[in-house]
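All residue numbers for the sequence shown refer to our numbering, where the first residue is 560 and numbers rise by one. Idealized CB from N, CA, C, for every residue including glycine. Source: prediction; values computed, not measured. I have placed the structure first, in the form of structure tokens, so that the comments after it can refer back to it.
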Amino acid sequence: MKSIRTAHAASIAVAFALLACFLGASCSDALLDEMGRLASEANRPVISPSAGSIITAHETITLSFDSDMDSGAVSIGGDIGLAAPATTWADPRTLDLNQANTVSWSAGTGKKLTVSITESGQTVAYEYTFEVFNGVCVSSPANAQNPGAPGNAGTVLAPLDTIQAGIDMAYSKYSADIATVKVAVGSYAIAGTVAVMKEKISLKGGYSASFMSRNYTTYETVMEDTRISLGTDVAPLPCVDFAEEITSATVLEGFSIKPSVGAFGSAIYIADASPAISYCTIFGKGRGSTPKPIRLCGIEVAGGSPSIQYCTVLLSWDWSAGNTLPADTIGIYTYDSSSAVIEHNTISGGYGADTYAVNAGGLSDTISLNIVTAGNANNSTGSSYGIYCDWSSPNISGNTIDAGSGIFGDQVANAYAIWLAVGANPSITGNEIRCSIAVTGEDYAIYEASAGSDPSAVSSNSFSSYYGQTGAVNRGYYYDFGESTPEINDLTTSVSLSATSDTLESFGNTTFD
């Protein structure tokens, strides 16, 4: 309801103005206009959600008047409405607009709702401005300020309680449009897939409980799959699942995501889909009990052309309580003719039996401008890989790649910045390739593991001089498979690429200390 103090102050201002006119002081048109404005503002209806708020296009808007109103005296207009909204008088002083929560408001910023009141032949108009979006709101039941609940309307003032309910409602209400599910701060953990994505329905986290502010760190929004068993190599357990034919119109943005620790678990699983994923943080996790997972994966791409940008991927296994049979851990894993764009991310292979920051088995992935750390292979025979290429020809450019380390007790394993398995012909240009001096096993910047796995280019890279130290064994800038002296630990030795042979130096590669 309207503040009594505001109405009283307006009445006093009008009274003084009238007194000034009565005493013969100036009584200009401007003064009379101001008198009218003050009088009308004193009677401005209170609106909820408040003016200036962000609202959904299916929001219910409530107007509260300070006296009983004749319903015929009130009319609604402005550019906010897709059509004349349904009006419902809850009582003579309370008017609900769009009580049925149909899609009634036009999306955009600066959308105006005008409330006109006509009494005694005089009409006064009040204007309220909103930012309107096509979509649904979700809030954790633990958010005391604005808790979500099942069966709610999915609006700013009545959010749903689960992410999947938000996706389903958005798809039902807005299937003809691109829509967004906004998710407020909190933890959304279930023993199952938290979000099965649908085409043109984007999912965005990092909102305050009121949905008026957004910050990924301040308002951390966590999705977690708590399952501890099941999953297979071909059907891993996903926390977020993108089905076939989803396009870049579907965005995932602003979440912290924890995968299942079943036999095979993936934080994000993409099957022949091409969504846009950005500003997400993926954490690995383990536990001191059995059964133990076989493979943990951050983002798994089984076909499609997704965009993965500005994400942080860190997978790890909990080594407490005697977990001596850890999982393989993979930051980003592509295969089945995928062509993912992986840019501006921080990616680690984490801790596991074998660790892979990026396992690139896609047909033509782009891996650029990332910070890549191979991880830590925690057993005596395991290996850490920065970028592992298998039957693929990715473009690897502009990255900082650290080969990682492999330490288990006093034992060490092998570390490779870029590994070329079978049928791998990548272009490797403009990268800074580092190493971990903790490794006493094999440690190479680029390693050819089979015949026919020759890069199309190795140019303008900067290698750590550690790879070329005099007398080093099982270490080098390059391992040239099939050559009589495959280990190359200086830039003046010729290497055989897929189209040419020459020295690393001649291709513009350099070293740094």
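Alpha-carbon to alpha-carbon, residue j and residue i
| i | j | result |
| --- | --- | --- |
| Ile676 | Thr682 | 5 Å |
| Ala645 | Asn918 | 55 Å |
| Glu783 | Val753 | 7 Å |
| Asp650 | Val742 | 33 Å |
| Thr673 | Thr688 | 9 Å |
| Thr988 | Glu1064 | 13 Å |
| Ala708 | Ala802 | 27 Å |
| Leu719 | Met728 | 9 Å |
| Asn954 | Asn984 | 9 Å |
| Ser679 | Val662 | 35 Å |
| Thr883 | Ala912 | With a pLDDT of only 45 at Thr883, under the threshold of 50, the placement of this residue in the model should not be trusted; the figure read from the coordinates follows. Their backbone Cα atoms lie some 9 Å apart in a straight line. |
| Cys994 | Ala712 | 54 Å |
| Ser734 | Ala724 | 15 Å |
| Gly934 | Ser943 | 6 Å |
| Ile867 | Tyr910 | 22 Å |
| Thr647 | Ile836 | 42 Å |
| Ser848 | Ile620 | Confidence in Ser848 is poor, its pLDDT being 46 and thus under 50, which makes the residue's placement unreliable; the coordinate value appears in the next sentence. Going from the Cα of Ser848 to the Cα of Ile620 covers about 51 Å. |
| Ile841 | Asp1061 | 41 Å |
| Cys839 | Ser896 | 24 Å |
| Asn990 | Val820 | 33 Å |
Own chain residues within Cβ distance below 6 Å of residue i, not counting five before or after
| i | result |
| --- | --- |
| Ser825 | Pro795, Pro797, Pro818, Cys856, Glu859 |
| Glu1001 | Asn973, Asn1033 |
| Tyr892 | Cys856, Glu859, Asn918 |
| Thr1070 | Phe1022, Ser1024 |
| Val931 | Ile906, Ala916, Gly945, Asn958, Ile960 |
| Glu690 | Ile613, Thr668 |
| Arg773 | Gly765, Tyr766 |
| Gly968 | Note on Gly968: pLDDT 44, under 50, position unreliable in the model; the coordinate value appears next. Around Gly968: no qualifying Cβ. |
| Ile829 | Phe801, Val860, Gly863, Pro865 |
| Gly1035 | Tyr1003, Tyr1026, Glu1046, Ile1047, Asn1048 |
| Ala808 | Ile737, Lys759 |
| Ile1005 | Ile977, Tyr1037 |
| Ala936 | Asp913, Thr914, Ser942, Ser943, Gly965, Ala972 |
| Ile889 | Cys856, Tyr915, Asn918 |
| Ser833 | Thr806, Ser807, Gly863, Ser864, Pro865 |
| Asn904 | Cys870, Asn929 |
Residue interval of the alpha helix (DSSP H) (run including residue i)
| i | result |
| --- | --- |
| Asp727 | 722–733 |
Residue i CB to nearest heavy atom of the ligand SAM below 7 Å
| i | result |
| --- | --- |
| Thr647 | In terms of ligand content, the structure shown is empty, and the ligand SAM therefore cannot be addressed. |
Residues near residue i in its chain [Cβ-Cβ closer than 7 Å; skip 5 each side]
| i | result |
| --- | --- |
| Ala750 | Thr785, Arg786 |
| Val715 | Pro608, Ser612, Ile613, Ile614, Thr615, Glu618, Cys696, Phe770 |
| Lys757 | Ile726, Tyr730 |
| Val981 | Asp949, Trp950, Ser1009, Ser1012 |
| Thr1059 | none |
| Gly920 | Thr893, Tyr894, Asp949, Trp950, Ser951 |
| Gly941 | Ala912, Asp913, Gly965, Ala972 |
| Lys732 | His617, Val662 |
Opening and closing residue of the beta strand (DSSP E) in which residue i lies
| i | result |
| --- | --- |
| Cys798 | 796–801 |
| Ile816 | 815–817 |
| Gly857 | 854–861 |
| Leu672 | 667–678 |
| Trp978 | 973–979 |
| Arg993 | 991–993 |
| Arg1034 | 1034–1038 |
| Lys759 | It is not in any beta strand (DSSP E) - Lys759 carries neither H nor E in the DSSP assignment. |
| Asn954 | 954–956 |
| Asn918 | 914–919 |
| Ala983 | From DSSP, Ala983 is part of no beta strand (DSSP E); its letter is neither H nor E. |
| Glu618 | First-last for Glu618: undefined, no H or E at that position. |
| Glu1001 | Glu1001 -> no beta strand (DSSP E), and no H or E assigned at all. |
| Ala649 | 646–650 |
| Val744 | Run containing Val744: none; DSSP gives neither H nor E here. |
Inter-residue CB distance, residue i and residue j (contact presumed, cutoff 8 Å)
| i | j | result |
| --- | --- | --- |
| Val744 | Ser761 | That pair is no contact at about 18 Å. |
| Pro865 | Ala899 | 5 Å |
| Asp956 | Ser923 | One point to set straight first is that residue 956 is Ser, not Asp, in the sequence displayed. Not confirmed; about 13 Å, so no contact. |
| Thr780 | Phe823 | Incorrect: roughly 25 Å between the Cβ atoms, too far for contact. |
| Leu811 | Val799 | 7 Å |
| Ser1015 | Ser1053 | So it is not a contact: roughly 17 Å between Cβ atoms. |
| Arg652 | Ser634 | Their Cβ separation, rounded to whole angstroms, is 17 Å, which puts Arg652 and Ser634 out of contact at 8 Å. |
Own chain partners of residue i with C-beta closer than 8 Å, once the 5 adjacent residues on each side are dropped
| i | result |
| --- | --- |
| Glu523 | In this structure the chain extends from 560 to 1072, so residue 523 is not present and cannot be described. |
| Ile722 | Val697, Val740, Val742, Tyr747, Val753, Ala754, Leu762, Met782 |
| Thr791 | Ala822, Phe823 |
| Ser665 | Ala616, Asp638, Ile639, Gly640, Leu641, Val691 |
| Ser599 | Val683, Tyr685 |
Is the stretch 655–672 in contact with the stretch 697–706, if contact means three or more CB pairs nearer than 8 Å? no
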